[in-house]
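The sequence shown begins at 22 in the numbering used here and counts up by one.
By construction, the Cβ of each residue, glycine as well, lies at the ideal position given by its N, Cα and C atoms.
Notes follow once the structure below has been shown.
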Amino acid sequence: MDRIVYLGPYNNSMSGKLFNKAVEYLKENKGDRFYYLLPNGKLLVDYRRKILNEVNYAFDINLFTFDNIVDRLIKDKFYTHIDVETKEAIIGSILKELRDNGRLIYYRDISSKKGFVKAVSGIIGEIKRSLVSPRDYLKRCPDSPFYREIGYVYEEYEKKLNEYNLVDREESFIKSLEILEEDLSFFNGLDFIIIDYFFDFRPQELELLKRITETDCSIYINMPFDRCENFKTFTKTLELLTSMGFIIKKIDERNCDRFDELAEMLFSEDHMVMDFSNGINIIKAANGYLEIKKVAEEIKKHLSKGIELKDMAIVLTNAESYRDLLFQVFEEEGIPIILDKETSLIEIPLMKELIYVLETKKYKMDKKSIINRIKSNYYPVADKKDREKIEYILRKGNIEDLKTYDMEGIIRAIEDEAKYIPSSGTIDEYVGLIIDILKKYNVEDTILNIYNTVKDYNLTNRDFLALNRFKEILNFTRGVLSAMKGEVTLEEFIEIITDYLQNECIVEVYGNAKGINVLTPVTARGIKYKVLFVVGLSQGTYPSIGNRNFFFREDNYRELKQIGIDVKNYYEILDKEFLMFTNIISSCSDTLYLSYSEDSTEDEKSIESIMLDEVFNRIKGENKEYKINILPVEVEYLFKDKAEDTTTKRELLCYILREYSQGNCHVELFNMYNDIDKNSLKEIDMRLSCEMNRELDGFNEYSGLIRDEEVKRDLADIHRNRMYSISYLETYGACPYKFLLNKVLRVEEMERESEEFTPLDLGSVKHEVLKEYYFNYKKKIEDHILNGKDLSLEESYNFIQEKIRDKMKSLSTEENSTEMELIILNSANRLLEFIIKDLDRMKSYGKKVLPYDFEVPFGEKETFEIDIAGSKIPFTGIIDRIDKYVDEDKYIIIDYKNSSSGVYTVEDIRKGISLQLPIYILSQEKREVVAGIYGILSKAEFKETLVLKDEEENLNVASSKGILTKEELDVILEDIKKNIKSFIESIHSGDFSVNPKKCDSYCIYRDICRIRKGFDMQ
């Protein structure tokens, strides 16, 4: 019997020879006499296809991974296999038991967190893969709670598995090893076992291999990764195999292609370079979408040259980031993919809405949970025609408001449903409850009814697949967890079910067997492709070596090794990543594309990965541009200059319209597009008619001018004897059309996400707290500014925090929520910083000032009117704060702003965009106001917008932009009066033109007016 490791260069012929050996056995009907082990399922599928091409009607094709062998070994044993979700549920209950029994001290505070449960699950998996038992772990680990408490969880977890005859993925390996320890008959009758394309083995795979070496069959291991300078990962594997009795046989073949040569020299210590004048392309894209878009274009070019999709492959270095983009772009481009498109169950409305049913009880029927419940299509409690109306009522008011609309019956129905849901119960009871809900709402019939309405088979198929999979989950949960867990709370049960729904997927679109191959760095081995795309070569995302569990930190490396855990340090991980990358490079035969995107954050752009940098370093040439063909892809790439360059229907339409806008009418292209899509151009034509009317000279109904005289009279009546607020007219000054929608028609945005605390709430709280602080600390502030006495910041901070907490509690529906506590701490820190800056400001003035009054009203008890050309316009408002010179009757008006977005300049005032500070000054006609200042709470800054020139030096004004003589200020005040008169006359005349002086990107009406969408005109 042979024990041979064939060690040869990349893509040598030995793999083909071993494959042919297996094929000959199959042709002789001896398929049951050998096993063929491969490292991943993708290679398994490819090899099965290759075998069937060679041998028609082949039987006993024993192609396996190590996991497949393990499953076969224990398939006749009476074990129940558990998945990751069940494992986490068991660990969660163990953590609770240990916490309640006082055995969890170090991890006590975080032990109930879902993230911690997932982390512990991963830790236990890693320990078990290293074949370290709970006893050995506790015996070897350091005597510290950081390690020992993980051991306690592991110990209890193993007890649960044994007690209930359960096995997880790692346990199945351990059980199979125990079987082979006693009986090797599983391998009886085999002549040989072929193991191909492994460059390393997991600890449990090595142990399984050791057992196999005790059999009488020959074992041939092919390892086509030999280089002049091998990676440490590979060298270590060879040493382990040699220690197990394998003989290393060198395959001296040097008929490798240039990609194999490049793979051979990458990351070696020498400085060898090679001439690679063509065959490698670098795609450098502005973002991930453009990166995949360019890949699709290049694929189509190769298709047009006769290269089939089966001879091309894409390696996703970061599948999580690129998978959805890949499906999106390739669907747009019409390129089939071999990959299945999967959808998480939690993303499917049928499942999500079921969770909403339970959450009405969990959240005690709060507004958000009721809204989610009412909007349900699969478990309806309200007619479809009423749902939007009810949602609007609830978002703008409260539950009691539904009585006004005779809809309280819906709330009663939800209340009755919630009463039926127990606050705690057994798993079995909760599963029974869910089954009852599914029956009550006849979910199968509902799915069919929806299909009859929308006629979408894919949607219906998705829902039935999800429902069937969910029923399997319920049965499994009832069978496994009900015996193990006692009574659980509703919140715990929802968490268990949600975990299952998040991790379980269904196939929404099956992959096309003739589509392009999609690989990962792990699966990219064993097959050569004519054209290979390696996507996502951006530093920081690939290689990904920093996202490690808290337990497996670099600092713990030595201790973990002493325990016996197969943990890798930074350099070992990087070494393996280098090995896999060279293998990717060697998987190409003709044309290689290496791509990355420069997706930018606020601070910086992404740069090319060290992998890509290494490729550049190994190619001859002075500059990168001369070494390799670089294909830059900017946003302009989406706009094609030629019709023949378009690759999608949308691109063609954009090209036709852009050409038309430039005076080039391609009649044949218009006709061709109409044959493809008969509706798009018709809809565009209809929308353009509105836009064309807007562009006509003069105002009309499309550009915001109301012509109807009766409507104009109504507008005048509405504003007769009106008491104006500053914000009312400021809205018109900034944008007349927004004024029409907001102030006249009262078009409101219905927020889809409920906020516990709105920005308005938080702003009000901060204003109130500041007022109370300055009143309570008035004497201490005076002593600090005038006499230089210290002011206790700690005492101030405690006062601020206490006041904020009291006011927030009065607004909150939840007691001591984490969100509220974070807001309190953040707000207290910000206000203290603001107060410190404010005290420094007042101290720095040449002539000292002190806070004089707060929230000063005008126009309420005493009428305040602005006389404009004989017309008296009444105004009302509140000034946040007034400061006064200590020794003079001079005053400074301060307006608090939560952020700098509400801060205006003197130029804004002249344009009529801002009226606030000028009207505040006019309202204090009996006081000499020498400055108008903004206090920005979030930044702890003060901006002097209006300052009399005589006070410039005294107030230490940083910028001269707002410095005005008394005459200049008077001119501004007169101009403000003219603007007010003009605004009111324009409102009465029906002038609400779409012609903003200020257009914010966050304006809620941007989708209605559509002017410069998303563009800030300031």
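Rounded straight-line distance, which links the Cα of residue j to that of residue i
i: Cys-249; j: Asn-243; result: 17 Å
i: Asp-407; j: Ser-390; result: 17 Å
i: Glu-623; j: Val-316; result: Any answer about Glu-623 is weak, because its pLDDT of 46 lies below 50 and its placement is not dependable; what the coordinates show is given next. Near 27 Å, if we compare the C-alpha coordinates of Val-316 and Glu-623.
i: Lys-322; j: Glu-354; result: 13 Å
i: Asn-398; j: Leu-486; result: 18 Å
i: Pro-895; j: Arg-902; result: 22 Å
i: Leu-360; j: Thr-752; result: 53 Å
i: Thr-966; j: Thr-884; result: 27 Å
i: Asp-387; j: Lys-139; result: 29 Å
i: Ser-1022; j: Ser-981; result: 29 Å
i: Gly-37; j: Phe-213; result: 16 Å
i: Cys-526; j: Arg-93; result: 25 Å
i: Gly-891; j: Ser-959; result: 42 Å
i: Phe-760; j: Ile-431; result: 36 Å
i: Tyr-531; j: Lys-362; result: 6 Å
i: Asp-1037; j: Leu-502; result: With a pLDDT of 41 at Asp-1037, under the threshold of 50, the modelled position of this residue cannot be trusted; read the value that follows with caution. Taking the straight line from one Cα to the other gives about 56 Å.
i: Asp-904; j: Asp-859; result: 11 Å
Nonlocal neighbours in the same chain, by C-beta distance under 8 Å from residue i, ignoring five residues either side
i: Glu-412; result: Ile-392, Ile-395, Lys-396, Met-771
i: Asp-587; result: Glu-147, Arg-150, Ser-151, Arg-223, Pro-224
i: Arg-232; result: Leu-198, Leu-201, Glu-202, Leu-205
Spatial neighbours of residue i in its chain, beta-carbon cut-off 6 Å, leaving aside the 5 residues before and after
i: Pro-1017; result: Cys-756
i: Arg-826; result: Ile-845
i: Lys-1002; result: Ile-889
i: Lys-911; result: Glu-949, Val-951
i: Gly-484; result: A small fix is needed here, since residue 484 is Asp in this sequence, not Gly. Around Asp-484: Leu-371, Ile-468.
i: Ile-103; result: Leu-187, Asp-189
Cβ pair residue i, residue j closer than 9 Å
i: Ile-942; j: Leu-990; result: yes
i: Glu-312; j: Ser-785; result: no
i: Gly-880; j: Ser-935; result: no
i: Leu-600; j: Thr-254; result: yes
i: Phe-572; j: Ile-144; result: yes
i: Phe-280; j: Pro-60; result: no
i: Ile-25; j: Ile-304; result: no
i: Leu-678; j: Ile-705; result: yes
i: Leu-812; j: Tyr-794; result: no
i: Ile-605; j: Leu-330; result: no
i: Asn-302; j: Tyr-563; result: no
i: Tyr-288; j: Phe-252; result: A small fix is needed here, since residue 288 is Phe in this sequence, not Tyr. Their beta carbons are under 9 Å apart, which means Phe-288 touches Phe-252 by this criterion.
i: Val-1045; j: Ala-307; result: Outside the modelled stretch of the chain, which goes from 22 to 1039, sits residue 1045, for which no answer is possible.
Interface flag, residue i vs chain C, CB-CB below 9 Å
i: Tyr-578; result: In summary, chain C is missing from the structure at hand, where a single protein chain is found.
Own chain residues within Cβ distance below 7 Å of residue i, not counting five before or after
i: Ile-548; result: Asp-67, Ser-608
i: Glu-876; result: Lys-792, Ile-899, Asp-901
i: Glu-226; result: Phe-87
i: Glu-179; result: Pro-155
i: Arg-979; result: Correcting the residue identity first, residue 979 is Ala in this sequence and not Arg. Nothing listed; no residue qualifies.
i: Asn-590; result: Glu-575, Tyr-578
i: Gly-809; result: none
For residue j and residue i, believed in contact at Cβ under 8 Å, the rounded distance
i: Ala-434; j: Thr-381; result: So it is not a contact: roughly 11 Å between Cβ atoms.
i: Ala-545; j: Val-336; result: 5 Å
i: Ile-957; j: Lys-918; result: 5 Å
i: Thr-519; j: Ile-376; result: 6 Å
i: Val-174; j: Leu-182; result: Contact flag wrong, Cβ pair sits at about 13 Å.
i: Asn-473; j: Gly-754; result: Rounded, the Cβ-Cβ distance is 53 Å, inconsistent with contact.
i: Gly-52; j: Ile-90; result: Not quite, the Cβ-Cβ distance comes to about 16 Å (not below 8 Å), so this is no contact.
i: Asp-217; j: Leu-459; result: The pair is not a contact, with the Cβ atoms about 48 Å apart (cut-off 8 Å).
i: Lys-868; j: Asp-908; result: 7 Å
i: Leu-522; j: Ile-272; result: Actually they do not touch by this definition, with Cβ atoms about 50 Å apart.
Which runs of the alpha helix (DSSP H), 4 residues or longer, sit entirely within the segment 665–745?
670–682, 688–697, 701–715, 730–740
Curious, which full-length alpha helix (DSSP H) runs of at least 4 residues does the segment 151–230 contain?
155–161, 166–184, 190–203
Pick out the complete alpha helix (DSSP H) segments inside the segment 239–297, 4 residues or longer, and give them in chain order.
253–264, 279–286
Could you pull out every unbroken alpha helix (DSSP H) segment of at least 4 residues lying fully inside the segment 793–835, listed in chain order?
799–808, 814–832
Kindly provide the ranges of any beta strand (DSSP E) runs that are 3 or more residues long and lie completely inside the segment 304–365, ordered along the chain.
333–337, 362–365
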